[in-house]
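*Asks:* Sending over a structure as structure tokens; questions will come in a sec.
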Amino acid sequence: MVVSDSFGAKSTLKVGDNEYAIHRIKDVEGLEGAATLPYSLKVLLENLVRTEDGENITAEHIKAIADWDENAEPSVEIQFTPARVIMQDFTGVPCIVDLATMREAVAELGGDADRINPLAPAEMVIDHSVIIDVFGRPDAFEKNVEIEYERNQERYQFLRWGQTAFDDFKVVPPGTGIVHQVNIEHLARVAMTREVDGELTAYPDTCVGTDSHTTMENGIGVLGWGVGGIEAEAAMLGQPISMLIPRVVGFKLTGEIPAGATATDVVLTITEMLREHGVVGKFVEFYGEGVASVPLANRATIGNMSPEFGSTCAIFPVDDITLDYLRLTGRSDEQVALVEAYAKEQGLWHDPSVEPRFSERLELDLSTVVPSIAGPKRPQDRIELTKAAEQFRADLQNYVVEGNEVQGSAVDKELADSFPASDAPAQDASEEATEAGKPVRSAISTNGGQRPSKPVRVTVDGETFEIDHGAVAIASITSCTNTSNPSVMMAAALLAKNAVEKGLSVAPWVKTSMAPGSQVVTGYYDAAGMWPYLEKLGYHLVGYGCTTCIGNSGPLTEEISQAITENDLAVVSVLSGNRNFEGRINPDVKMNYLASPPLVIAYALAGTMDFDFESQPLGQDAEGKDVFLKDIWPSPEEVEATIKEAITKDLFVKDYADVFAGDERWQGLETPEGSTFEWDGESTYVRKPPYFEGMSMEPSDVADVKGARVLALLGDSVTTDHISPAGSIKGDSPAGKYLAEHGVERKDFNSYGSRRGNHEVMVRGTFANIRLKNLLLDGVEGGFTRNFLAGGEQTTIFEASQAYQEAGVPLVVLAGKEYGSGSSRDWAAKGTRLLGVKAVIAQSYERIHRSNLIGMGVLPLQFPEGESAESLGLDGTETFDIEGIEAFNAGERPKTLKVTATKEGGESVSFDAVVRIDTPGEMSYYRNDGILQYVLRQLAA
Numbered sequence: 001m002v003v004s005d006s007f008g009a010k011s012t013l014k015v016g017d018n019e020y021a022i023h024r025i026k027d028v029e030g031l032e033g034a035a036t037l038p039y040s041l042k043v044l045l046e047n048l049v050r051t052e053d054g055e056n057i058t059a060e061h062i063k064a065i066a067d068w069d070e071n072a073e074p075s076v077e078i079q080f081t082p083a084r085v086i087m088q089d090f091t092g093v094p095c096i097v098d099l100a101t102m103r104e105a106v107a108e109l110g111g112d113a114d115r116i117n118p119l120a121p122a123e124m125v126i127d128h129s130v131i132i133d134v135f136g137r138p139d140a141f142e143k144n145v146e147i148e149y150e151r152n153q154e155r156y157q158f159l160r161w162g163q164t165a166f167d168d169f170k171v172v173p174p175g176t177g178i179v180h181q182v183n184i185e186h187l188a189r190v191a192m193t194r195e196v197d198g199e200l201t202a203y204p205d206t207c208v209g210t211d212s213h214t215t216m217e218n219g220i221g222v223l224g225w226g227v228g229g230i231e232a233e234a235a236m237l238g239q240p241i242s243m244l245i246p247r248v249v250g251f252k253l254t255g256e257i258p259a260g261a262t263a264t265d266v267v268l269t270i271t272e273m274l275r276e277h278g279v280v281g282k283f284v285e286f287y288g289e290g291v292a293s294v295p296l297a298n299r300a301t302i303g304n305m306s307p308e309f310g311s312t313c314a315i316f317p318v319d320d321i322t323l324d325y326l327r328l329t330g331r332s333d334e335q336v337a338l339v340e341a342y343a344k345e346q347g348l349w350h351d352p353s354v355e356p357r358f359s360e361r362l363e364l365d366l367s368t369v370v371p372s373i374a375g376p377k378r379p380q381d382r383i384e385l386t387k388a389a390e391q392f393r394a395d396l397q398n399y400v401v402e403g404n405e406v407q408g409s410a411v412d413k414e415l416a417d418s419f420p421a422s423d424a425p426a427q428d429a430s431e432e433a434t435e436a437g438k439p440v441r442s443a444i445s446t447n448g449g450q451r452p453s454k455p456v457r458v459t460v461d462g463e464t465f466e467i468d469h470g471a472v473a474i475a476s477i478t479s480c481t482n483t484s485n486p487s488v489m490m491a492a493a494l495l496a497k498n499a500v501e502k503g504l505s506v507a508p509w510v511k512t513s514m515a516p517g518s519q520v521v522t523g524y525y526d527a528a529g530m531w532p533y534l535e536k537l538g539y540h541l542v543g544y545g546c547t548t549c550i551g552n553s554g555p556l557t558e559e560i561s562q563a564i565t566e567n568d569l570a571v572v573s574v575l576s577g578n579r580n581f582e583g584r585i586n587p588d589v590k591m592n593y594l595a596s597p598p599l600v601i602a603y604a605l606a607g608t609m610d611f612d613f614e615s616q617p618l619g620q621d622a623e624g625k626d627v628f629l630k631d632i633w634p635s636p637e638e639v640e641a642t643i644k645e646a647i648t649k650d651l652f653v654k655d656y657a658d659v660f661a662g663d664e665r666w667q668g669l670e671t672p673e674g675s676t677f678e679w680d681g682e683s684t685y686v687r688k689p690p691y692f693e694g695m696s697m698e699p700s701d702v703a704d705v706k707g708a709r710v711l712a713l714l715g716d717s718v719t720t721d722h723i724s725p726a727g728s729i730k731g732d733s734p735a736g737k738y739l740a741e742h743g744v745e746r747k748d749f750n751s752y753g754s755r756r757g758n759h760e761v762m763v764r765g766t767f768a769n770i771r772l773k774n775l776l777l778d779g780v781e782g783g784f785t786r787n788f789l790a791g792g793e794q795t796t797i798f799e800a801s802q803a804y805q806e807a808g809v810p811l812v813v814l815a816g817k818e819y820g821s822g823s824s825r826d827w828a829a830k831g832t833r834l835l836g837v838k839a840v841i842a843q844s845y846e847r848i849h850r851s852n853l854i855g856m857g858v859l860p861l862q863f864p865e866g867e868s869a870e871s872l873g874l875d876g877t878e879t880f881d882i883e884g885i886e887a888f889n890a891g892e893r894p895k896t897l898k899v900t901a902t903k904e905g906g907e908s909v910s911f912d913a914v915v916r917i918d919t920p921g922e923m924s925y926y927r928n929d930g931i932l933q934y935v936l937r938q939l940a941a
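The opening position of the sequence shown corresponds to residue 1 in full-length UniProt numbering, with each subsequent residue numbered one higher.
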């Protein structure tokens with residue numbers, strides 16, 4: 001409740017027949033600097049003006065934004081109150097589990113359980129649970145949805161309970177679309193309205209989400225970003241997000257995308273530029289005359305990739321393009337009128353003649369963008385398409401085994417049980433190269449490049465072919481980044497049409513899949529008559545959800561999977577996604593490449609990554625004439641003309657008319673009742689977590705760390721995928737053994753992501769990625785470490801953790817640069833905490849994971865500038881003491897803490913580690929042993 005209005009900002013805005021209370025920032029007395037602020041900071045300014053209470057949010061905070069020094073390093077902490085929260089089911093389920101647990105805990109502390117209720121609108125889209133088990137056939141969608149409900153019935157019943165038990169919490173059921181696309185097409189308001197103290201109040205739509213790609217909404221002018229589930233829960237309960245006023249990078253766009261290049265190529269180029277420039281923790285904002293020529297779909301595609309740049313957001317201001325999109329997607333005339341009037345009244349309307357103040361500036365001439373892909377393991381590693389084959393051959397050396405010598409990361413032989421294969425032996429390619437007089441199709445390159453080759457003959461359903469290193473095992477159109485963009489989706493469909501008409505076919509070893517971001521895509525494909533061509537190439541609808549990009553690619557055909565694992569082939573995936581980290585896409589696939597939807601199909605036709613589209617034909621037409629990619633690539637004019645005919649407002653209105661209702665499967669689920677949840681002690685999906693056990697109203701003192709051992713010694717770019725995988729659960733892993741002990745059959749293990757409501761599974765899955773390299777061990781990949789209580793023997797990270805905790809030995813993790821990049825995965829922090837880790841010492845952190853660690857009571861420390869574990873001579877065998885933590889108990893926030901690492905021989909290494917608790921608010925969370933404990937004590941009091 002606002003109790004202050006220091007700047008006389010409260011006013012009214014009349015739009016049509018409606019009158020709204022607003023908090024005006026344009027030319028408000030004493031805030032003269034507001035006019036030249038970047039768009040994003042104007043939104044933050046309004047947020048503070050509206051929520052000023054004289055205590056947490058003061059006039060000094062408001063003036064600090066209005067008088068923002070664009071050249072200064074961030075130093076002023078503010079409290080940002082997002083208007084709403086959005087979740088996907090992987091991260092959303094543990095959120096609701098925690099809220100259900102908090103209801104019981106607050107009652108035990110003498111508070112009112114009903115106070116645990118979302119105070120801001122919270123919406124969840126179930127989009128991460130569908131797995132591509134069935135593909136390449138007309139019933140793929142129905143079969144995958146059927147399997148999805150069988151696997152996830154318990155989770156879905158729990159979410160149905162949450163929808164009835166909590167106020168202002170809504171669920172978009174499975175089979176609807178990907179959270180970010182549903183958000184921009186329907187859920188995002190751009191201008192919010194809410195009854196506040198009896199007045200209808202209008203204010204900017206701001207939204208944080210439990211998925212890092214929440215930034216897609218930046219494309220329609222909604223300020224927001226991805227947060228961990230624990231931060232999202234706090235925001236739902238009315239807690240502001242503590243942050244420093246950031247530096248803002250102005251990114252100027254000029255020119256137009258040339259023919260042959262796509263929006264995907266633009267975002268891969270921007271990703272490379274901004275990752276190289278360095279924007280972690282900064283806002284990125286697009287400005288200039290060129291903004292008006294950037295279609296909304298392209299803006300959303302760019303905003304979506306913000307986590308890949310490393311920025312907090314990547315936002316576009318509101319303009320006529322925004323309004324046109326809101327009309328197209330079925331927003332009411334009243335809502336569109338409010339957005340326009342509000343943006344203009346508040347100075348949030350894009351004026352290209354005014355250049356805001358920016359901390360730094362970059363510029364891209366869109367006409368210079370060329371077709372590109374990115375890989376084989378990071379989204380910022382852009383490769384020009386014309387150089388892709390050459391770069392693949394260079395990178396392949398890091399993924400193959402020559403004789404007994406491993407070059408790079410060889411396939412883990414234990415992967416075979418992740419997706420069980422058949423017992424049929426793969427045939428060797430040295431056999432006769434024809435079968436029954438027919439030529440055998442092969443993934444062996446014919447472009448003359450020198451590279452390791454290991455052709456293997458495989459027979460599937462009576463068809464024999466050869467696969468080799470570089471074979472495209474998966475070619476998937478998936479992920480919010482591109483499926484929200486009609487220009488690239490229609491380009492893919494038209495390319496498929498042209499390919500079919502030329503008589504081309506997809507290589508038989510390629511797993512194809514089409515997972516649109518919403519049902520609207522299906523609608524415009526139907527209207528344009530595109531489905532028959534896509535299906536002819538195997539691109540049948542497999543589901544509406546985040547599939548391959550999140551690791552839900554499903555198993556490869558058994559014979560192909562076995563041939564890959566037994567012969568240690570370095571095969572590839574090509575996907576229209578945003579993430580291609582190691583071990584994420586499929587356990588059989590070593591190398592992963594991001595590409596536009598039309599290029600995904602092009603690589604499916606080529607069948608191998610070792611392919612030069614300029615010099616090599618994709619096949620021959622009926623007359624025997626070579627067909628090249630340029631012969632089937634649709635022109636921009638053809639794409640736009642088809643879009644104009646096929647996409648109408650009616651598609652959006654129809655598909656979102658009753659979006660929360662769900663199909664008969666959803667409506668038929670038995671739903672538990674009551675304000676508190678009845679936990680099932682036998683459940684392997686949803687269990688009551690231990691975070692609040694034994695909690696008192698007053699927090700215990702934090703203590704210095706003494707005698708800690710190293711659980712993991714990690715290198716650079718360790719992602720949240722490495723720390724907390726979302727993919728398949730191996731049978732011989734600690735999580736797999738736990739499930740087997742609880743009567744779960746191997747076929748029903750499901751994924752780590754689907755079991756995030758069960759802390760017993762997730763703590764066993766922490767640091768369990770098959771590609772994790774713990775440098776305490778030589779040449780070993782996966783979730784293993786050394787137990788120094790048992791002479792340094794190799795064991796699993798979970799089992800070592802259990803031994804250390806039983807002995808009362810605290811743990812630390814040592815890491816390199818960009819620790820915790822990737823998805824906003826709260827279990828990467830929760831699991832770290834439950835393993836007994838007291839502190840992480842890294843060279844640098846990605847924003848969300850650092851925040852999540854603090855939110856779980858884990859101390860994030862940083863090596864001194866220019867130093868690392870290696871430079872300090874640390875090999876992880878030392879014991880660690882961390883002194884000075886107890887100063888927090890007196891309300892101090894030391895900038896550094898003394899760390900002493902003592903080697904086995906008694907020699908010690910000391911250094912001053914930088915404390916990465918950056919704000920007083922974060923210090924309060926750490927002192928309370930976590931953000932949820934802090935919130936719980938506030939509510940109970």
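Yeah, the Cβ is synthetic: ideal placement off N, Cα and C, and Gly gets one too.
Remember, predicted model here, so these are calculated numbers, not experimental data.
#1: Tell me the rounded alpha-carbon separation between V858 and A606.
#2: Would you call the stretch 345–357 and the stretch 573–588 touching, i.e. three or more CB-CB distances under 8 Å?
#3: Which whole runs of the alpha helix (DSSP H) in the stretch 715–757 are 4 residues long or more, in chain order?
#4: Express the C-alpha separation of K747 and K737 in angstroms, rounding to a whole number.
#5: Tell me the start and end of each unbroken beta strand (DSSP E) in the stretch 119–188 that is at least 3 residues and wholly inside, in chain order.
#6: Under the rule that 16 or more other beta-carbon atoms within 10 Å means buried, what is F660, buried or exposed?
#7: Would you mind stating whether S728 and S751 have Cβ atoms separated by less than 8 Å?
#8: Just list the alpha helix (DSSP H) runs in the stretch 49–126, keeping only unbroken ones of 4 residues or longer that don't cross its boundaries, in chain order.
#9: Residues bridged to M591 by DSSP?
#10: Suppose the cutoff is 7 Å on Cβ atoms and the five residues either side in sequence are ignored; what does the same chain contact list for T896 look like?
#11: Drop a sphere of 10 angstroms on the beta-carbon of H128, count the other beta-carbons inside from all chains shown, and report buried for 16 or more, exposed for fewer.
#12: For the putative contact between Y819 and S844, defined by C-beta atoms under 8 Å, what is the C-beta separation to the nearest angstrom?
#13: In chain order, what residues of the same chain have a beta carbon less than 6 Å from the beta carbon of N533, not counting five sequence neighbours either side?
#14: Just to check my reading of the structure: L48 and H61 have Cβ atoms closer than 8 Å, yes? What is that Cβ distance to the nearest angstrom?
#15: For the alpha helix (DSSP H) containing H277, name the first residue and the last one.
#16: Have a look at the DSSP bridge pairing and note the partners of N580.
#17: Starting from the C-beta of Y926, find all residues in its chain whose C-beta is less than 8 Å away, skip the five residues before and the five after it, and write them out in chain order.
#18: Please confirm if the stretch 801–816 is in contact with the stretch 712–719, defined as three or more CB-CB distances below 8 Å between the two stretches.
#19: Let's see if you can read the secondary structure: which residues bound the beta strand (DSSP E) around P204?
#20: Hey, how far is the Cα of Q391 from the Cα of V574?
#21: Using 10 angstroms around the beta-carbon of V196, count the other beta-carbons present and answer buried if the total reaches 16, otherwise exposed.
#22: Excluding the 5 residues flanking V653 on each side, which residues of the same chain have their C-beta closer than 8 Å to its C-beta?
#23: Check S635 in the structure and name its three-state DSSP category.
#24: Could you spell out where the beta strand (DSSP E) holding F251 opens and where it closes?
#25: Report the partner residues of C313 according to the DSSP bridge assignment.
#26: Taking 8 Å as the cut-off, does the stretch 590–610 touch the stretch 381–400 (at least 3 CB pairs, one atom from each stretch)?
#27: I'd like the list of long-range same chain contacts for A292, defined as Cβ closer than 8 Å, with 5 residues on each side in sequence excluded.
#28: By a C-beta neighbour count over all protein chains shown, 10 Å radius and 16 as the cutoff for buried, is S615 buried or exposed?
#29: Is the distance from the Cβ of G551 to the Cβ of R584 below 8 Å?
#30: Can you name, in chain order, every residue of its own chain whose Cβ lies under 6 Å from the Cβ of D265, other than the five neighbours on each side?
#31: Quick check on this structure: which residue in V571, A21, S505 has the alpha carbon closest to the alpha carbon of G198?
#32: Go through its chain and collect everything with a Cβ distance to G619's Cβ below 6 Å, but skip five positions before and after it.
#33: When we look at the beta-carbon of L936 and count the other beta-carbons within 10 Å, is it buried (16 or more) or exposed?
#34: Could you give the first and the last residue of the continuous beta strand (DSSP E) run that contains F613?
*Replies:* Answer, in terms of the structure:
#1: 48 Å
#2: no
#3: 720–723, 734–741
#4: 13 Å
#5: 122–125, 169–172
#6: exposed
#7: yes
#8: 59–66, 89–108
#9: V572
#10: D912, A913, V914, V915
#11: buried
#12: 7 Å
#13: According to the sequence displayed, residue 533 carries Tyr and not Asn. The residues are A496, K497, V500.
#14: 6 Å
#15: 263–277
#16: Beta-bridge pairing links N580 to no other residue.
#17: V702, I854, G857, L859, F888, I917
#18: yes
#19: 199–204
#20: 15 Å
#21: exposed
#22: G330
#23: coil
#24: 248–254
#25: F283
#26: yes
#27: D319, D320, I321, H350, P352
#28: exposed
#29: yes
#30: V369, P371, S372
#31: A21
#32: L504, V627
#33: buried
#34: Looking at the DSSP string, F613 is not in any beta strand (DSSP E), and its letter there is neither H nor E.
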